[in-house]
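Take 2 as the starting number for the sequence shown in this note's numbering and just add one per residue. Ideal Cβ placement from N, Cα and C applies to all residues, glycine included.
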Amino acid sequence: MTKRRIRKAVFPVAGLGTRFLPATKAMPKEMLTVVDKPLIQYAVEEALEAGIEQIIFVTGRGKGALEDHFDISYELEDTMRARGKSLAAIDGIRQKPGSPVYVRQQEPLGLGHAVWCAREIVGDEPFAVLLPDELMVGTPGFIAQMVEAYNDVGGNIVGALEVADSETDKYGIISPGKSDGRLTEVTALIEKPKPGTAPSNLMIPGRYILQPEVMRILERQEKGAGGEIQLTDAMAQLIGVQPFHGFTFDGQRYDCGDKAGYIQANLALAWQREDIGPSVRAFAERLLQGRREGAV
2 MTKRRIRKAV
12 FPVAGLGTRF
22 LPATKAMPKE
32 MLTVVDKPLI
42 QYAVEEALEA
52 GIEQIIFVTG
62 RGKGALEDHF
72 DISYELEDTM
82 RARGKSLAAI
92 DGIRQKPGSP
102 VYVRQQEPLG
112 LGHAVWCARE
122 IVGDEPFAVL
132 LPDELMVGTP
142 GFIAQMVEAY
152 NDVGGNIVGA
162 LEVADSETDK
172 YGIISPGKSD
182 GRLTEVTALI
192 EKPKPGTAPS
202 NLMIPGRYIL
212 QPEVMRILER
222 QEKGAGGEIQ
232 LTDAMAQLIG
242 VQPFHGFTFD
252 GQRYDCGDKA
262 GYIQANLALA
272 WQREDIGPSV
282 RAFAERLLQG
292 RREGAV
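So this is what it looks like as structure tokens:
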């Protein structure tokens with residue numbers, strides 16, 4: 002199979018964010034911040050680092066703040082300039098004309114359906130998919146690492162991450178074949194297998210590089226687990242037809258779709274910051290000391 006360059010990335014951002022209510026009642030969940038940057042910005046920067054040229058957001062109702070975030074802010078910028086304040090904090094957020102592209106998912110019919118909604122923009126090209134709920138921290142970023150692997154083996158590549166056996170029923174799970182370093186041959190994919198039936202503990206943590214043929218499969222609108230159109234089910238039909246691998250990330254993953262994971266991400270990234278890290282670490286030490294002494 003001829004390897005074509007990965008130029009486009011799809012971001013499914015139409016979800017309602019019900020697990021974070023009431024915070025997400027009027028604000029897109031993708032705009033929740035880790036320290037001082039929205040989750041969606043982390044994901045977009047990860048894609049741009051990997052050489053992605055066109056950002057495709059699959060949105061739903063109530064996502065205006067997300068669209069505004071990547072647009073120019075005349076009043077804000079003019080006010081900051083007039084007051085002599087640096088624009089460094091917002092430099093680079095606004096994208097070039099023609100990117101991002103926004104398409105609408107009218108109904109919450111599953112991740113596969115959301116990706117399929119971007120079919121006209123993706124066209125006949127391989128493309129990446131990033132789920133912003135999954136915050137990946139590493140150098141280089143996860144998608145950049147996957148693109149490098151794709152340039153070697155082509156085909157389809159999904160992220161791979163080991164989880165506890167007790168958690169495999171929550172995710173799409175890889176049935177593994179031969180391994181070569183961080184690459185693992187994928188022989189099958191199973192969406193949310195019943196407890197005790199998973200073929201491995203390798204889950205797919207929200208990062209994909211896919212060939213456009215997956216759109217033709219999603220076109221059938223076949224429903225899977227939970228009565229939704231599952232991306233995992235469509236990808237599974239490409240196994241044996243096209244090269245298919247899992248790639249293990251050299252970095253740290255934070256599940257920011259989960260409240261505990263979201264708090265952990267904030268703490269971990271704040272801990273590492275030069276400007277606020279010392280204060281955060283000192284507070285954490287006081288908190289731990291207080292717990293040891295029974296004060297809190």
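Taking a C-beta distance under 8 Å as the contact criterion, residue 85 and residue 230 do not qualify as a contact pair. Put simply, of 107, 21 and 52 the residue whose alpha carbon is nearest the alpha carbon of residue 6 is 52.
The alpha helix (DSSP H) runs of length 4 or more contained entirely in the stretch 44-109 are, from start to end of the chain, 65-70 and 75-83. Within the stretch 125-180, the complete alpha helix (DSSP H) segments at least 4 residues long are 143-154, listed from N- to C-terminus.
Boundaries of the alpha helix (DSSP H) harbouring residue 123: 120-123, taken from the DSSP string. Contact between residue 115 and residue 13 holds: their C-beta atoms lie close to 4 Å from each other, under 8 Å.
Around the beta-carbon of residue 192, 16 or more other beta-carbon atoms lie within 10 Å, marking it buried. Under the DSSP assignment, residue 234 falls in the alpha helix (DSSP H) whose first and last residues are 232-237.
The beta carbon of residue 246 sits closer than 8 Å to those of 150, 154, 156, 157, 158, 159, 184, 185, 186 and 187, all from its chain and outside the five residues before and after it, given in chain order. Between residue 148 and residue 4, the alpha-carbon positions lie close to 11 Å from each other. Secondary structure note for residue 31: it is in no alpha helix (DSSP H), with a DSSP letter that is neither H nor E.
For residue 208, the beta-bridge partners assigned by DSSP are 131.
Going by DSSP, residue 115 is part of the alpha helix (DSSP H) stretching over 112-117. Beta-bridge partners of residue 186 (DSSP): 246. Taking 8 Å as the cut-off, the beta carbon of residue 55 is found closer than this to the beta carbon of residue 102. For residue 254, there is no enclosing alpha helix (DSSP H); the residue is part of the beta strand (DSSP E) that begins and ends at 253-256. By the Cβ rule, the stretch 119-135 counts as touching the stretch 252-259, because three or more pairs are nearer than 8 Å. With respect to residue 119, residue 210 sits apart: the two C-beta atoms are not nearer than 8 Å. When only Cα atoms are considered, residue 236 and residue 204 end up about 14 Å apart. Sequence-distant Cβ neighbours of residue 70 in its own chain, meaning closer than 8 Å and more than five residues away, are 32, 39, 41, 42 and 94. When DSSP states are grouped into helix, strand and coil, residue 11 belongs to the strand group. Going by DSSP, residue 218 is part of the alpha helix (DSSP H) stretching over 214-219. Pairing residue 268 with residue 281, the inter-Cα distance amounts to about 8 Å.
In the DSSP assignment, residue 284 falls within the alpha helix (DSSP H) that extends over 278-293.
For residue 273, the enclosing alpha helix (DSSP H) stretches over residues 260-273. Nearest neighbour of residue 77 by Cα position, chosen from 91, 64, 180 and 65, turns out to be 91. Residue 20 holds the alpha-carbon nearest to the alpha-carbon of residue 263 among 27, 276, 196 and 20.
For residue 126, the closest of 106, 285, 79 and 215 by C-alpha to C-alpha distance is 215.
Residue 162 has its alpha-carbon roughly 45 Å from the corresponding atom of residue 80.
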